[in-house]
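Take a look at the structure below.
In the numbering used here, the protein residues as written are 1 to 121.
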């Protein structure tokens, strides 16, 4: 797949709520995940490797007690990077109901996502 196809597939799966399938299909085994400044540590902080990214996603999902709404924009492509704006309105076990929006940026190399970085706050 080229970057446009990867970005389109990412958005398709994101809108369907299939986040683990995104990782299974589109991520490289050595991918890295970088959080917004100030959120680099802890169970949802910066991680390296697909297994750690999966664990991070599962930890996030485990904290969601009720999903009220979520959305994902169309992708914007620039060279080997694509970005999407996305948001979630959820009730969390740890902090109650909260709506969050972010910009997520992804680098693609050899047909796989190798880097994800989130900007929010």
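Cβ coordinates follow ideal geometry from the N, Cα and C atoms, glycine included.
{"Query": "Does the Cβ of residue 118 lie closer than 8 Å to at least one heavy atom of the ligand MG?", "Result": "As far as ligands go, the structure on display features none, and thus does not contain the ligand MG."}
{"Query": "Opposite residue 72 in the DSSP bridges: which residues?", "Result": "86"}
{"Query": "Classify residue 16 as helix, strand or coil using the three-state DSSP reduction.", "Result": "coil"}
{"Query": "How far does the beta strand (DSSP E) with residue 29 in it extend, from its first residue to its last?", "Result": "27-34"}
{"Query": "At a cut of 8 Å, does the stretch 27-35 reach the stretch 1-19 through at least three beta carbon pairs?", "Result": "no"}
{"Query": "Once you ignore the five residues that flank residue 48 on each side, which residues in its own chain have a CB closer than 7 Å to its CB?", "Result": "32"}
{"Query": "Out of curiosity, what's the CA-to-CA distance linking residue 97 and residue 89?", "Result": "7 Å"}
{"Query": "Assuming contact is defined by CB atoms lying nearer than 9 Å, are residue 204 and residue 117 in contact in what I supplied?", "Result": "The structure shown has nothing for residue 204, since the chain only spans 1 to 121."}
{"Query": "Could you have a look at residue 67 and say whether DSSP puts it in helix, strand or coil?", "Result": "strand"}
{"Query": "Taking 8 Å as the limit between beta carbons, can you name the residues of its chain near residue 92, skipping five residues before and five after?", "Result": "63, 64, 65 and 98"}
{"Query": "How far does the beta strand (DSSP E) with residue 96 in it extend, from its first residue to its last?", "Result": "96-109"}
{"Query": "Residue 77 bridges to which residues according to DSSP?", "Result": "82"}
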